[in-house]
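Numbering (my numbering), first residue to last: 72 to 319.
We put the beta carbon where it would ideally sit given N, CA and C, even for glycine.
One structure is given here, and the rest of the page talks about it.
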Amino acid sequence: MIVLKSDDEIKRMAESCRIVAEVLEEVRKNISPGVTTKALDRIAESHILSKKARPAFKGYRGYPASVCTSVNEQVVHGIPSGTKLREKDIISIDVGVFYKGFYGDAATTLPVGSVDKQTEKLLMITEKALEAGMAKSVAGNRLSDISHSIQECVESKGFSVVRNFVGHGIGRELHEEPQIPNYGNPGEGPELLPGMTLAIEPMVNAGSWEVDILNDGWTAVTKDKSLSAHFEHTVAITKNGLNVLTKL
Ligand code: MF3
Ligand code: CO
72 MIVLKSDDEI KRMAESCRIV AEVLEEVRKN ISPGVTTKAL DRIAESHILS KKARPAFKGY
132 RGYPASVCTS VNEQVVHGIP SGTKLREKDI ISIDVGVFYK GFYGDAATTL PVGSVDKQTE
192 KLLMITEKAL EAGMAKSVAG NRLSDISHSI QECVESKGFS VVRNFVGHGI GRELHEEPQI
252 PNYGNPGEGP ELLPGMTLAI EPMVNAGSWE VDILNDGWTA VTKDKSLSAH FEHTVAITKN
312 GLNVLTKL
């Protein structure tokens, strides 16, 4: 069952999502060669706690940190560690927050220093794919219109979409129905309705879409070691159009 939210509930979700956006901004400012992913996790966690919110990922199915930091060929769910970022790396930061009864969830992928043209293109196309998915997040469309537009945007540029992980409904739970695959035919699945709150999150690989999970049980990496990018926003569909809750 897809839980619809009232305007008032969406307002409250926006508060949680605002903290997520602030954390991403804080982390962005601190990304540079030599910084460890663990240091980024601490920065994120202190900001979340300073807002009297709770890091949503910590303890979720035993996940050990407040954010996910996925570097280079890591797709999602990278665990912060003592590894230092190096010039030319790319790093995805995924943040989840629980505040006053509601969750917010967003991710962005950033270059460390300067990266080559093809890598820049991977980041740009993944963000564009998220925007394409959001553009289809309109009442009256079908759920898979989002999926299809993301796949189309990515594959037309020669990249591939990860199949093993999906976007999701979000609200009083971190993961609610529906699941939102980043691929599929248009015109299928439930009709999009005002009050739906969704976390849309394309994961895009420079090479093949296939992924492996490392021995830590969490970190997803591309099978062919190609680079991978991830962008995510929590959005609310309303009768007045789309509200991107995790944008500052
Ligand atoms: N954005 C991801 C998701 O929606 C992050 C979850 S990390 C986890 O699943 F640690 F909480 F699993
Ligand atoms: Co998510």
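**Q.** Assumed close pair A270, E303 - CB separation to whole angstroms, cut-off 8 Å
**A.** 6 Å
**Q.** Residue span of the alpha helix (DSSP H) that contains T309, given as start and end
**A.** No alpha helix (DSSP H) holds T309; the beta strand (DSSP E) holding it covers 304-309.
Q | Cβ-Cβ separation, M267 to I308 (assumed contact under 8 Å), whole Å | A | 5 Å
**Q.** Cross-strand partners of Y131 (DSSP beta bridge)
**A.** For Y131, which the question treats as bridged, DSSP gives no partner whatsoever.
Q: Check whether the Cβ of A307 sits closer than 6 Å to any heavy atom of ligand 2, and report yes or no.
A: no
Q | D112 versus I217 - alpha carbon distance | A | 31 Å
Q | Assigned secondary structure, K155 (DSSP; H/G/I helix, E/B strand, else coil) | A | strand
(Q) For L264 and N314, I'd like the C-alpha separation in whole angstroms. (A) 13 Å
**Q.** ligand 1 heavy atom lying under 6 Å from the CB of F302
**A.** no
(Q) For a quick check, are the C-beta atoms of V292 and E144 less than 7 Å apart? (A) yes
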